[in-house]
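Peer 1:
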Amino acid sequence: MKLIPKFKWSVALIAASSLLGCSEQTTSVTTQPANNTSQASLNDSKLALAKLDYQTLTENFITPPNSTKPLTWYHVMNSNMSAAGITKDFEAMAEAGIGGVLYFNIGRNIAKGRVLFNTEHHIELIGHMASEAKRLGLSFGIHNADGWSSSGGPWNTPEHGMKQVTWNETVVKSDGKPLNVQLAQPMTMLDYYHDIAVLAYPSLPTELVDAELKPTISASDPDFDITVVNNIEVDNVSSIKSKNGQPVWLQFAYDEPVTIRFASVDINWGKHIKYEFQYSNDGKNFKKHVDMRINRPGRVRWALDAAFEGVTAKYFRIVADKTLNIFEANLASTPRMGNYLGRTLATHTNYHKLPPIGEPEQSHIIDSSKMINLSDKLSKGGQLTATLPAGDWTIMRFGYTAKGTTNIPPTAEGRGLEVDKFSRAAFKNHYDAYVTNVINKVKEVAPGVMQYLEIDSYEVGGQNWTQGYDQQFKQQNGYDLTPYLPLFAGKFVDSVATTEDVTWDIRGFSNKLITENYYQYFTELAHSDGMKAYTEPYGHGPFNELDAGSKVDIPMGEFWLKRDIYMLASAISVGHIYNRNIISAEAFTATKDHNWKFNPAYAKFDGDKTWALGVNEYVFHRFVHQANTHVVPGMTMEAWGAHIDATQPWFSTAGKAWFDYLSRGQYLLRQGQPVSDIAWYIGEAAPTGCPDRRLRESKHIPTYVNYDCLNTEKLNELVYQNGRYQLNHGVNYKILMLKNHDTLSLATVEKIHQFAKQGGVIIGEPIKQLAGLNVTAEQQASFEKMVDLIWSQPTTHLSAKGESEWQQLYQKAGFNFDLTIKNLDDLFYAHRTTANQDIYFVYNDSDKRKLFDARFEVTGKVPELWDAKTGKIKKLAAFHSNKGVTNVAFRLEANESAFVIFNDNAEGKLQISPEVIKNNDIEALYNEQFAVEFAADNNQKLTLDINGETKQLVLDDIPAKQLLAGSWQVTFAKEYGLDQTFTFDKLINWKDSNNPEIRAYSGIATYAKTFNVDAELLADNQQVTLDLGKVSDSAQVFINGKEVGTAWLYPFTLDISAYLQTGENQLTVKVANSWSNRLITDESLPDSSEYWQANGTHVPVMPDWYSNNEPLPNFGKKGHRRTFTTYKFVKAGDPLVDSGLLGPVSLKTVKTVNFGQE
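For the sequence shown, the working numbering gives the first residue as 73, with consecutive numbering after it.
Below, the structure written as structure tokens:
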């Protein structure tokens, strides 16, 4: 080593092996000046934040508190449950580092066990869960019902179940004399029906046509039962089957041409099918008129509808590209609203996806002033006795009936109606029938341990009525809903505008009911029992997601493994705008493709992305209860979920390392407050949700511009001061962006108007109209004046699309972007701030090492890299601050993530130019005394420009990379079926072994070898890294009998410096692979499990040996299977997967040079 000359400071550079030996580069070094940049608005908002002690931050990062550990769904499958299994599961979770469970009882396609839902035995075993959770320090909670969605059970009678408006109509000709008409009871579910009103109005011309239409109905499938089309039996269904992939059709033929304006079909399940409405005049040559859209009124009951300008023909077809399962179908000449089911919340359609309502002729619109209310003229038996003026009259009988929706997917004993989401009384009955049973048992056996209750994603369809809905509506909106009941049938009343206004009010009122009487009341009940409420506030429901999420303690989203499915944005925004510190996610939900192949490395990229989006707690989907403690790999959640199970060979090693990584990251992501640039107001309409970052609606926003969605409650709380929009708890934004805002209330327009006058930056198209039915002329004039002012301001922009427009907008407003990374514009990031730290999270989504040339909106602070995988912290010495932005350059390994934390004041500290890092694959770091150090893993020379003076640094005598070649002793484990030690002359892939037992092996194998280390390698200023090369799937490493750690992610490297000794060293590597190879091999062997029937389906009832907690019959006998699992993910002959330590294994040395000080 040569020092030329001696410096008065120390510097560290860590150079990667990609540099050539003795490379030379001139670099510049500066001293950070005092920070004079004004950031008044940022500093003001930070005053409200509590200071976070740096030592506490570092200590809790290295050893995170239990509260930041990941949690898991805990699924008990179809009554297969045992105390022994619960104990073993919970012990494994606690040992590995999972922090707690949320228990679900599921009944999906698994053979039936013996512990029936909500029986005394079942509740006793839940009590055992609670006791074990308390003993082991795990948190504990439950889902509120059997199944996963949403809140149903056999105790919910139709009176307490979800409800819907139902109707029928009768056309009569009156001669002005008393009429006696028998009105049929409208469609009724579960023999539950109550009348709402009977209304009569002069018949529309098209209604007279509809009353006379008598089409001939046929289908492409001769076996289709034509009678179901007009059959009022709601559960009768018949299929038009597709043959050889050909389209199917249902045809309506008329004797004479008729004009059709509406078509609808109720079907059983209808996803991933294309539908068309076609017409013809000869019955042979058909033309497409419109596509038909699909709605989802219930879980399995779907509806097609199409409202369109009239088309006149003799033949009409509803065409689908796959088999069509039909409950009923209808064509009509009378116009209907576009997607009337969505407009009236019989089904869920996001507001911004509603089609145009339609523009019917005035003669096709009901005149409410001519409407007669005949409700008091109807007898209990449906006999109407009334006198109507002479003429043609349409009489509509409206009532409400059960929705018939049940919880999904429950066990048989837990199946029942979904609770009425608009009724507190109904929900209290539901809560007490199961949840209270559990609470009482837990209080008895483990008081205080039960912390959470949960409502999962909403998957149970629409609801648009409850007892007293019309009276409550009048109280809320100030007018009688009765004249507008025909809207629920899709008809127009008074005008298009009135129809739009009243349906707007219906959706808004229903959103209020479900938000307050379901989500809020659920939380209130949880609090009364000393617990917190988790909720996934999204799905196919009649509510605004932010409003629903605002009522619970812990908002929760969902993301899927290796799929672009992220239902996270609403939960994240709720957490940010309502100051919820924990933002949870159902994590790594998965399809059957991933099965037992799953391992932590498999999941890390998806997980890192969701951290960057704003999630800070994972609840794994899933950990399945293993009622039988002998079998492997064991019970599954049918085909679903990431297999995060204690029976996985990697669970106790790689699992523990992964869970530690998650705990550290989740700890940091809960500190301080979130930072986002945009407050995206999503309007007052219902239903709405916050667009996720991957969706089309948000793609015009660059990924490096973070946003939170606001609902109306939080828009009204927002204030504009010091150039920022700020909420009461201190979260603030640079820009207010508008979405779904074409219709707003006057109060909301006034709020936006106020912001515009104050000079706040606003993005969005002009507001079009005021919401609600009774807008006065004075209100309309005020509205128009305010809109004109808002969109005349220089700070109001119609749109910002594309990167250049965003850059121009920011530049014009004097804003900096929060974080930009050169050439990595597609990556997301998270930013949180405390009173004295800024915490950013970034990740490398590539399998290659990457340069991050980053510009952070922070100034005057030293950047640090915090590695959640290892718990190590580096203070970066290569950065430069200017005009409120700090340029930092650093590299991340393949698949690596890092927290970039700004903490210490940079004033007066020596800095290396970031260009050094950009131009050389090196690092420059501060030591604890903020002296800069240099380190390298190869010989090189560096030229530095220090305050205008050229200095040179030479690093040499660095040990070369040492390959650990030669033979290995490999011991396979008896518990996994191969009790034998082999000598591997070289490292091999197990699947390629000549030994069939090795090829088939799934489990843990121990590799051992010795190697020598020279004394020069152990110098204090050198770090030795073990590089295992390729590993399938993970490796726990020991040096000289001491555990170093587990390598679970590429690159598979560990710092072993502290474990080496001069001379001979013993290396032990315990490698775990997946269950795939054993499962594939076992498919060729006899099956003695008694679980599978000859047709490939499982037996109805779980075999006795399983329920008695006995081993698999013939387990361990030669020629028989070693595995048992409840879903066939593989078959005999499938390709085997990579397994084992594949290498090459080597030692790499990094040498650190500390410069002496005079």
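Glycine included, C-beta positions come from ideal geometry on N, C-alpha and C.
Kindly list the residues whose CB is nearer than 6 Å to the CB of residue 941, restricted to its own chain and excluding five residues on each side of it in sequence; keep chain order.
Peer 2: By one-based count along the sequence shown, residue 941 stands at place 869. 733, listed in sequence order.
Peer 1: Starting from residue 194 and walking both ways along the alpha helix (DSSP H), at which residues does that stretch end?
Peer 2: The count along the sequence shown starts at 1 and reaches residue 194 at position 122. Taken as a continuous stretch (DSSP letters only), the alpha helix (DSSP H) holding residue 194 covers 192 to 208.
Peer 1: Could you check which residue in 975, 143, 240 and 345 has the C-alpha nearest to that of residue 469?
Peer 2: Here residue 469 is taken as the residue at index 397 of the sequence shown, counted from 1. Comparing Cα-Cα distances from residue 469 to each of 975, 143, 240 and 345, the minimum goes to 240.
Peer 1: Report back the beta-carbon spacing between residue 1152 and residue 1204 to the nearest angstrom; my notes put them in contact at under 8 Å.
Peer 2: The sequence position of residue 1152 within the sequence shown is 1080, counting from 1. The sequence position of residue 1204 within the sequence shown is 1132, counting from 1. Confirmed, Cβ separation roughly 7 Å.
Peer 1: Start and end of the alpha helix (DSSP H) containing residue 1283?
Peer 2: Here the chain covers residues 73 to 1230 and nothing more, so residue 1283 does not appear.
Peer 1: Can you name the start and end residues of the alpha helix (DSSP H) that residue 509 belongs to?
Peer 2: Your numbering for residue 509 matches position 437 in the sequence shown. Note, residue 509: alpha helix (DSSP H), 496 to 517.
Peer 1: Could you check the C-alpha separation between residue 98 and residue 998 for me, to the nearest Å?
Peer 2: Translated into positions along the sequence shown, residue 98 becomes position 26. Translated into positions along the sequence shown, residue 998 becomes position 926. In this prediction, residue 98 scores a pLDDT of 43, lower than 50, which makes its location untrustworthy; the coordinate-derived value is nonetheless stated afterwards. Roughly 20 Å between the two C-alpha positions.
Peer 1: Under DSSP, the alpha helix (DSSP H) around residue 1143 begins and ends at which residues?
Peer 2: Counting from one through the sequence shown, the residue named residue 1143 turns up at place 1071. First-last for residue 1143: 1135 to 1144, but that is the beta strand (DSSP E), not the alpha helix (DSSP H).
Peer 1: Suppose contacts are defined by Cβ-Cβ distances below 8 Å. Is residue 667 in contact with residue 726 by that definition?
Peer 2: As a position in the sequence shown, residue 667 is number 595, starting the count at 1. As a position in the sequence shown, residue 726 is number 654, starting the count at 1. For residue 667 and residue 726, no; Cβs fall outside 8 Å.
Peer 1: I'd like to confirm the pairing. Which residues does DSSP put opposite residue 234 in its beta bridges?
Peer 2: Counting from 1 along the sequence shown, the entry for residue 234 is found at position 162. Answer is none; residue 234 lacks a bridge partner.
Peer 1: Touch check for the segment 320 to 340 and the segment 277 to 295: three-plus C-beta pairs under 8 Å?
Peer 2: The segment 320 to 340 vs the segment 277 to 295: in contact.
Peer 1: With a threshold of 7 Å (Cβ to nearest heavy atom), would residue 967 be considered close to the ligand MN?
Peer 2: The ligand MN is absent from the structure shown, which contains no ligands of any kind.
Peer 1: How about residue 1214 and residue 1117: do their beta carbons lie closer than 8 Å?
Peer 2: For this step, residue 1214 is matched to residue 1142 along the sequence shown. For this step, residue 1117 is matched to residue 1045 along the sequence shown. No, the pair does not count as a contact, with Cβ atoms beyond the cut-off.
Peer 1: Hey, could you find the ends of the alpha helix (DSSP H) residue 593 is sitting in?
Peer 2: Numbered from its first residue, the sequence shown carries residue 593 at position 521. Residues 593 to 600.
Peer 1: Can you give the Cα-Cα distance for residue 745 and residue 790, rounded to whole angstroms?
Peer 2: Counted from its first residue, the sequence shown places residue 745 at position 673. Counted from its first residue, the sequence shown places residue 790 at position 718. If you take the alpha carbons of residue 745 and residue 790, they lie about 16 Å apart.
Peer 1: Could you have a look at residue 245 and say whether DSSP puts it in helix, strand or coil?
Peer 2: Walking along the sequence shown from the start, residue 245 turns up at place 173. It is a strand residue.
Peer 1: With DSSP as the reference, please indicate the residues paired to residue 670 in a beta bridge.
Peer 2: The residue you call residue 670 lines up with position 598 of the sequence shown. Answer by DSSP bridge pairing: none, since residue 670 is not bridged.
Peer 1: Closer than 7 Å by C-beta to residue 1120: which residues in its own chain qualify, once you throw out the five before and the five after it? Chain order, please.
Peer 2: Residue 1120 sits at position 1048 when you count from the first residue of the sequence shown. 672, 673, 726, 729, 730 and 1106.
Peer 1: Between the C-alpha atoms of residue 917 and residue 635, what's the straight-line distance to the nearest angstrom?
Peer 2: Taking the first residue of the sequence shown as 1, we reach residue 917 at position 845. Taking the first residue of the sequence shown as 1, we reach residue 635 at position 563. Going from the Cα of residue 917 to the Cα of residue 635 covers about 15 Å.
Peer 1: Let me know if residue 147 comes out buried or exposed under the rule of 16 or more other beta-carbons within 10 Å of its beta-carbon.
Peer 2: Within the sequence shown, residue 147 is the residue found at index 75, counting from 1. The residue in question, residue 147, is buried, as its Cβ has 16 or more Cβ neighbours within 10 Å.
Peer 1: Closer than 6 Å by C-beta to residue 206: which residues in its own chain qualify, once you throw out the five before and the five after it? Chain order, please.
Peer 2: Position 134 of the sequence shown, counted from the first residue, corresponds to residue 206. Excluding positions up to five away in sequence, the list reads 518 and 521.
Peer 1: Give me whichever residues DSSP pairs with residue 422 in a beta bridge.
Peer 2: Within the sequence shown, numbered from 1, the residue matching residue 422 stands at position 350. For residue 422, which the question treats as bridged, DSSP gives no partner whatsoever.
Peer 1: Does the beta carbon of residue 864 sit closer than 8 Å to a beta carbon anywhere in chain D?
Peer 2: Judged by its chain identifiers, the structure shown contains no chain D, having just a single protein chain.
Peer 1: Buried or exposed for residue 806, please, with buried defined as at least 16 other CB atoms from any protein chain shown within 10 angstroms of its CB.
Peer 2: Here residue 806 refers to the residue found at position 734 when the sequence shown is read from its first residue. Buried.
Peer 1: Please determine, among 566, 1222 and 163, the residue with the shortest C-alpha to C-alpha distance to residue 994.
Peer 2: Residue mapping note: residue 994 aligns to position 922 of the sequence shown, counting from 1. The shortest Cα separation from residue 994 among 566, 1222 and 163 belongs to 1222.
Peer 1: Using the rule of at least 16 other Cβ atoms within 10 Å of the residue's Cβ for burial, across every protein chain shown, is residue 548 buried or exposed?
Peer 2: What you label residue 548 is simply residue 476 of the sequence shown in a count that begins at 1. Residue 548 is exposed by the Cβ-count criterion.
Peer 1: So residue 328 packs on residue 286, CB below 8 Å; how close in whole Å?
Peer 2: On the sequence shown, residue 328 is found 256 positions in, with the first residue counted as 1. On the sequence shown, residue 286 is found 214 positions in, with the first residue counted as 1. Rounded, the Cβ-Cβ distance is 11 Å, inconsistent with contact.
Peer 1: Look at the alpha carbon of residue 773 and the alpha carbon of residue 964, and state the distance between them as a whole number of angstroms.
Peer 2: Position 701 of the sequence shown, counted from the first residue, corresponds to residue 773. Position 892 of the sequence shown, counted from the first residue, corresponds to residue 964. Spanning the two alpha carbons is a distance of roughly 26 Å.
Peer 1: Are the segment 1194 to 1202 and the segment 697 to 714 in contact at 8 Å, needing three or more beta carbon pairs?
Peer 2: They touch, by the three-pair rule.
Peer 1: If contacts are defined as beta-carbon pairs under 8 Å, then residue 279 and residue 306 qualify, I think. What distance do you get, rounded to the angstrom?
Peer 2: As a first step, residue 279 is located in the sequence shown; it is residue number 207 there, counting from the start. As a first step, residue 306 is located in the sequence shown; it is residue number 234 there, counting from the start. Wrong, their Cβ atoms sit about 24 Å apart, outside the cutoff.
Peer 1: In the DSSP assignment, what are the bridge partners of residue 474?
Peer 2: On the sequence shown, residue 474 is found 402 positions in, with the first residue counted as 1. In the DSSP output, where bridge partners are listed per residue, residue 474 has 235.
Peer 1: Have a look at residue 883 and residue 834 and give me their C-alpha separation to the nearest angstrom.
Peer 2: For this step, residue 883 is matched to residue 811 along the sequence shown. For this step, residue 834 is matched to residue 762 along the sequence shown. If you take the alpha carbons of residue 883 and residue 834, they lie about 15 Å apart.
Peer 1: Going by DSSP, name the residue or residues bridged to residue 389.
Peer 2: For this step, residue 389 is matched to residue 317 along the sequence shown. Paired residues: 323 and 350.
Peer 1: Pull up the distance between the alpha-carbon of residue 107 and that of residue 982, whole angstroms please.
Peer 2: Position 35 of the sequence shown, counted from the first residue, corresponds to residue 107. Position 910 of the sequence shown, counted from the first residue, corresponds to residue 982. Any reading at residue 107 must be qualified, since the residue scores a pLDDT of 36, below 50, and its modelled position is unreliable; the value itself is stated next. Rounded to whole angstroms, residue 107 to residue 982 spans 14 Å at the Cα level.
Peer 1: Who are residue 184's beta bridge partners in DSSP?
Peer 2: Within the sequence shown, the letter at position 112 stands for residue 184. Answer by DSSP bridge pairing, in chain order: 1173.
Peer 1: Under the three-state reduction of DSSP, which class applies to residue 930: helix, strand or coil?
Peer 2: As a first step, residue 930 is located in the sequence shown; it is residue number 858 there, counting from the start. DSSP places residue 930 in coil when its eight states are reduced to three.
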